[in-house]
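> I have a structure here, written as structure tokens, and I will follow up with some questions on it.
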Amino acid sequence: MKIAEAAAASDLSVDTIRFYEGEGLLDPVARGSDGHRRFSPRDLRWLSLFQKLRATGMPLAEMKRYADLARAGEATYTERREMLEAHQGRLAAQQAKIDACRSLLDEKVRIYRGLEEEVAGKPG
């Protein structure tokens, strides 16, 4: 799969994929006889993971550390799991803040709907 196809499949831009490759997050991507990158299903799984990690706020340095640990093999399972659990914890805290904000907004919308109904029900 060429880079434009990989970008579409991973919901990343071509520039972001090149950046991730240059930063060493991806293993070197195979190239076809024409010199163009050829992304494998494994590369796409990594790109998809990177997209999700960035979308949820994981810093690039942590993503790089995770990729380096994965390359190191089975001995790093515990550290990788702990990294992901820490990220889950940050997401849970972030979600709690979002939920509190949403509850406040829901209440404000409810109040304004009630006020609009009062105004609409008054004789003109």
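Numbering-wise (our numbering), the sequence shown opens with residue 498 and increments by one. Ideal placement from N, C-alpha and C gives every residue a C-beta, glycine not left out.
For a quick check, are the C-beta atoms of M498 and F547 less than 8 Å apart?
No, Cβ-Cβ distance for M498 and F547 is not below 8 Å.
> Excluding five sequence neighbours on each side, which residues of the same chain lie with their C-beta closer than 7 Å to the C-beta of Y563?
Correct list, in chain order: R577, M580.
> Can you check whether the CB of L541 is closer than 8 Å to the CB of A501?
Going by C-beta atoms, A501 is not nearer than 8 Å to L541.
> Just list the residues that DSSP pairs H534 with in beta bridges.
His is not the amino acid found at residue 534; the sequence shown has Arg there. DSSP, once it has assigned bridges, lists R528 as partnering R534.
> For Y574 and L566, I'd like the C-alpha separation in whole angstroms.
The alpha-carbon atoms of Y574 and L566 are separated by roughly 8 Å.
> Once you ignore the five residues that flank G521 on each side, which residues in its own chain have a CB closer than 6 Å to its CB?
Result list for G521: empty, nothing under 6 Å.
> S507 and L544 - do their beta-carbons sit closer together than 8 Å?
Yes; because the gap between Cβ atoms is below 8 Å, this pair is in contact.
> Here's the rule: buried if 16 or more other CB atoms are within 10 angstroms of the residue's CB, otherwise exposed. What is Y517?
Buried, by the Cβ-count rule.
> Just the C-alpha distance for P538 and A569, rounded to the nearest angstrom, thanks.
For P538 and A569, the distance between alpha carbons rounds to 20 Å.
> Answer yes or no: do G611 and R587 have a C-beta to C-beta separation smaller than 8 Å?
No, Cβ-Cβ distance for G611 and R587 is not below 8 Å.
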